[in-house]
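Going letter by letter, the sequence shown gives residues -21 to -1, 1 to 1216 in mature numbering (1 follows the signal peptide of the UniProt record, and there is no 0). Backbone N, C-alpha and C fix where the C-beta goes; we use that ideal spot for every residue, glycine too. Here's the structure we're looking at; comments come further down.
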Amino acid sequence: MKLPVTALTSLLACGAGLAEAKAVFAHFMVTNTKSFGLDDWKNEIQLAKRASIDAFALDMASDDPANDVALPLAFDAAVALEFELFFSFDYAGNGPWAKSVVTDMISTYGSSIAYHKRAGKPFVSTFEGPANAIDWQDIKRDTDCFFMPDWSSIGAQRAVQLANGVADGLFSWDAWPKGPADMTTYPDASYYDFLGSKPYMMPVSPWFYTNLPGYDKNWLWRGDDLWFQRWQQVISFDRQPDYIQIISWNDFGESHYIGPLDDRQYDAFDIGRAPFNYAKDMPHDGWRETLPYYISMYKLGSATITRELVVTWYRVNKNGACSDGGTTGNTASQLQFEYSPSVMMQDRVFYDVLLTSNAHVEVSIGGVVQEGSWDQGPYQGVGVYHGSVPIGGAHSGPVVVTVKRAGTTIATVNGASITRNCAEGINNYNPWVGSAAGPSVSAVHTHSDVQSLDCVEGFGVYEFTGVCDFACANGYCPSAACTCLRKGEANPPNPTGVTGYPRLGKSGSFVGLCSFDCNHGYCPDSVCGTIPNDGVLLGYSPFLPPACTGGTARAGLGAFQGLCDFGCHLGFCPIHACTCLSTGILVQTPPKTDKSGYSFLDESVDDHGLCKFACEHGYCPDVCGKRPVGGGNECLVGDRMYSDEDVPQEGVGVWSWDGQKLDHAEDTDGTQYVTIVNLTPYRMVHTPGPEPYQFSVWEFGDVPSGKARENEVMYDTGLHVRSFVDTNGYANYKLEGTDKTFKVHVTTHIPDRYERRVVFDLGGMGMGWRELGFPGERVSVALIITGSEEYGYVNSLQLNNIAWMRSMYDVIKDRHLRHVVVPGAHDAAASKISDGGWFGGGTSLNTATQSLDHYNQLRVGVRYFDMRIVSINGGDFWGAHVNDETSAAPLGATGESLDDLILGINRFTTDYPGEVIVWSIRYMTDLDNKKHSSDDRYWSANKAAEFYTQLERINNRCPPDLGSNPTFDKRPLKDFMDANDGKGCVLIFTKGELRDGIAKDRTSSSIYRLGDHLDLDDYWAEDNRPGRVAQKQTARLLDHTRDGMPDAGDPDDDNYFIMQWQVTLGLGDMALPPFSIQLVANQATNPGLYNYGVNEMTPEYFPTVIMHDAVGLFHISDLSFENYNPMMQTLVIGLYMVSQNCNVSKIKHPFLEGAEAAAGSGFLSRARSPARVSSGFQTFRGVIFANGTVLDEAPPGFCRTCTYNDTVAVDHPEVNGTDGARRRWRRGVMSSPVTVW
């Protein structure tokens, strides 16, 4: 389809001497072009030119760095392609523009041949900014620009008058219908009422849907027929607009884009914290296909068709397919009456078909064909035909729209499928748009000047419905009262001679309509009469939709009662909080006060803006106040503490980068490794200290914020060394910018049982002292410190609050399950050998992946459990070390019984409520020596049902109603933590293979199938080399960008990622003692997590689960609870606290200097001692000796730099049992505790 260029040019030239030629612009968001090059700009411009668009209105926010990059490229491309651009200064995005900056930009670019001009003046517009109207007096004087702003927020009358009429014309942003109705031209007509001879720029937009809570935006306005109807209004409007601006070319966050999809332009979804990217895979290019026709009809009143085509659009999720995501139809934020989206949006397939003559249309949905029809056709049959068909309640599947004439197919669109599958379980209200063109045809012309014809179809609203319908159909359709939709040749009834007037008391807007209608045989007495009068001048517009004038709180939300009473009376009545009880004329809102930024103080409750509105307008009850989030405490992209500095990684070589197996456990080279993990905002500076001796290697160094450093020392074991005790190995550290210090003492005590020792002395930080001893073995140990000066510190000297998730509730409650890092236990039930009657022959070396039972794994912080459950000879259920359902034999023996596992988890959830625990049952099979066929090992339906019944014994399972959103990983953690009256919950997933026809879940009992309810990546490195495991797992991190958005190549990249931090060992790897699964984990694989893995994690790249063997152990021979390893728990606490990803956390990081978030959130509080974390993390200040003796406080005169034999007595004036000291006895695993006097 193509317009004759010569005809178009000559016609426009003829009109140039009389008035400025009409023009059509597209609103273009410059901020989306950060990664654009010159060719990208050329591509966008070429597409716009093909659509007959004359210029881009370049929307630019103040201080946006994208502006300086984009403008030179954009103008170079526009000059090369003979296209035009002009500036639209956005005063809403980043606030007002500086007057001098605006002046400079217009002066710099306004003279370009590519800059659009009116009467030789640079054409300039805005998005909002009426408060800065006075600036434009000077800007216009200095630049001689033609100024046509959008000041729609204050209405046409006030906008025309601002700054002594500084605007040369006005642009309206009012492009969408309000409520379940079609778009009207009343807003456009109001501009003509006040502009006089000044030009008007009319908005045209195809759609509006936004769900960007970061911008407080989550509503839609009706789209449906809008693209077609609005262009009919443009063509038929009795006062033709000087300009048209299409909203928009590339505003993806509001779903009204007509430009191409582009993964680089989706920042709005990240910054606006959208629950999903609703523009992804939703092209709108088809809407451009009819633009040359519409624009020609607007400019010339006629068009030429050389190719027929069809455009179709529809929503792929019908109303009710999934949750509405809190989206409303209309928005209370603009004092509109809110509706459910299902009331606003029609479940229909819409189509525009450009034809040279009538044709037949049919629509197939999932193979079910419907005959289409036309709701409206063009005058004389040449032009765009429009219609739609219902989708229907049961219809789903691919959509195919076919246009035929006389049995011959003209064009077919094969569209996206209608589906009940929704991203994040939320309906996508953004449409899919497609198009297809037929073959070229001989040029066919429309009527030569449609605009000169009569209106033959139109409508009115409210009291104007009947009189407008009649008048518009018969050639009289005044835009001040009616909306015309179609031009043609009217044939009104013969005049009757009756002179009509408005009925007494009715609006003067009825004068012309009653006069015309009554004289042509239609004189409704509800609005018209025969008594002469000019009507009344109303104090309101009779064309505005009714507003809420009274309401109450919704059932169960009594705390909102006063707020709903106040807000609903003034038109602010959000449907998710209030119920509107009466409607009418919008009540005048009281003037604003200085109370801004207020919200409901209970953070767990969304007040939908009630407190903000009420407090701003003079009513601020006690339930409202200022939360710490916002007002400077929201997460900001620029607030970063992670250092980008590389940390030396030489030490990783000893744990098998070269592919060698683990070194002998009996170390002969005297090497010891000490890793320091710095999860504070400060650099840990290695400061000079006493010269170490008795060492041949001493390599300690600085540790940047957010990083870890493995420090290596090597004892001098030569014959010249007389004493292996007097090593003087001290490393001193200072937290840069603070007065806090700590020491690391590496020493020996040969021939004591604990001949290798590391002492962490945090006395210089007001914290504790811990001595770790290792009997003749090289074990890499780690010290993890997180926290800050203002909020206190947490360290890994001792287990912190066992219910660590509940302790961090206010920090993590709003994060998705996928964004909460937790420790995981690999093959969690294999903590002991108990064949349970099967006699598999496994040993602790080749079978036991864990040493702690289920209850104690939970106590050391594990929240994700890799379970493999078997039935023994068709009988009882046990945990077992198996690697599939059908292997001839398991890899070892059975572990804990299912009974013990259930008792353990029920005991824990009773002792420590509020946690979220995941059981992932990877394998489910039967172990029976008599069953030689692998197929016989599959469970029967009865056995599976029996197993599910056993699982029902687990208390505090996550309630079944959580199943309303099938993807649990994308639900906020508070949904789980608050379940069961705040007791938290256990998520049970099955993954094992069962025969077809056997139930794989029991959702009514909260037992779910893994793939159906969790988008996850459960990655196994499958390597027996710890170094390679580390490489593979950290490389996998880069596949999981934590941005809340699906990746272009992988729609589930930001998912529930399980980092399997363990090696896969064969029997040859464990042929001789003392090698074992746990020894490899304890001495090689697990240390790599701290000295290597931590350095590869960032706020944008982190796992959900860090799963490993030998959880909670410093040493595999040490199984007392007092010596459980707190490193993993402290690590995940630190990873939460240093996550500075604003897509993950809404609140500013609590460690940032001056932040007030912690004080209000309850996580950390300055009101308490700096060493006390108010959430429940008690910083340890006592002493722990290598043999397990624990003192809650260091004794007076305690020598922090000394080492202690098993027989040494520590002088302590207080007796056991007092608050000052408490003796904790070891249970015969190692030698006697230090005596405390």
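Comparing alpha-carbon positions, which option in the options lies nearest residue i?
i	options	result
Leu1092	Asn825, Gln829, Asp172	Gln829
Leu149	Trp155, Pro159, Asp161, Leu174	Leu174
Phe438	Tyr455, Val429, Thr904, Gly108	Tyr455
Asp331	Arg384, Lys278, Asn298, Tyr273	Tyr273
Ala110	Ala142, Ala98, Ser431, Val80	Ala142
Asn935	Asn1070, Trp898, Ser759, Pro220	Trp898
Glu63	Phe102, Asp69, Gly404, Ala98	Phe102
Ile781	Asn1122, Asp217, Asn1074, Gly840	Gly840
Phe248	Ser234, Pro239, Asp33	Ser234
Pro156	Asp47, Val289, Phe316, Val58	Phe316
Glu268	Pro503, Tyr88, Ala30	Ala30
Thr1020	Tyr1035, Leu483, Ala300, Glu689	Tyr1035
Leu314	Gly874, Gly588, Ala34, Leu762	Gly588
Gln211	Asp513, Tyr245, Met162	Met162
Met323	Arg201, Ala282, Val1169	Arg201
Phe721	Val664, Gly766, Arg736	Val664
Ala338	Thr307, Asp303, Val382	Val382
Label residue i either buried or exposed according to how many other C-beta atoms from any shown protein chain fall within 10 Å of its C-beta, with 16 as the threshold for buried.
i	result
Asp172	exposed
Lys571	exposed
Pro938	exposed
Asp129	buried
Pro457	buried
Ile510	exposed
Arg794	buried
Gly638	Because Gly638 carries a pLDDT of 31, less than 50, the predicted location of this residue cannot be relied on, and no value is offered for it.
Arg1206	Residue placement at Arg1206 cannot be trusted, given a pLDDT of 24 that sits under 50; what the coordinates show is reported in the next sentence. Per the 10 Å Cβ criterion, exposed.
Thr904	buried
Lys28	exposed
Val602	buried
Just to confirm, are residue i and residue j a CB contact at a threshold of 7 Å?
i	j	result
Ile1037	Met1076	no
Ile881	Ile933	yes
Asp69	Asp38	yes
Lys792	Pro892	no
Ala154	Ile226	yes
Pro683	Glu768	no
Ala452	Phe495	no
Gln1108	Trp748	no
Ala422	Thr285	yes
Gly530	Thr558	yes
Val342	Val368	yes
Ala300	Asn406	yes
Asp42	Asn73	yes
Ala146	Phe106	no
Quick one: what's residue i bridged to in DSSP?
i	result
Ser1036	In the sequence under discussion, the amino acid at residue 1036 is Phe, which differs from the Ser named in the question. In DSSP, Phe1036 forms a bridge with Asp996.
Lys177	Paired residues: none, contrary to the question.
Asp331	Val290, His365
His795	Pro951
Asp845	Ser899
Ser561	Gly529
So residue i packs on residue j, CB below 8 Å; how close in whole Å?
i	j	result
Ser375	Thr391	Going by Cβ atoms, the distance from Ser375 to Thr391 rounds to 20 Å, so no, they are not a contact pair.
Glu691	Tyr652	6 Å
Ile986	Leu906	Rounded, the Cβ-Cβ distance is 22 Å, inconsistent with contact.
Leu17	Ala56	6 Å
Phe65	Ala112	Going by Cβ atoms, the distance from Phe65 to Ala112 rounds to 19 Å, so no, they are not a contact pair.
Pro1005	Ser759	Contact doesn't hold; Cβ gap of about 11 Å is too wide.
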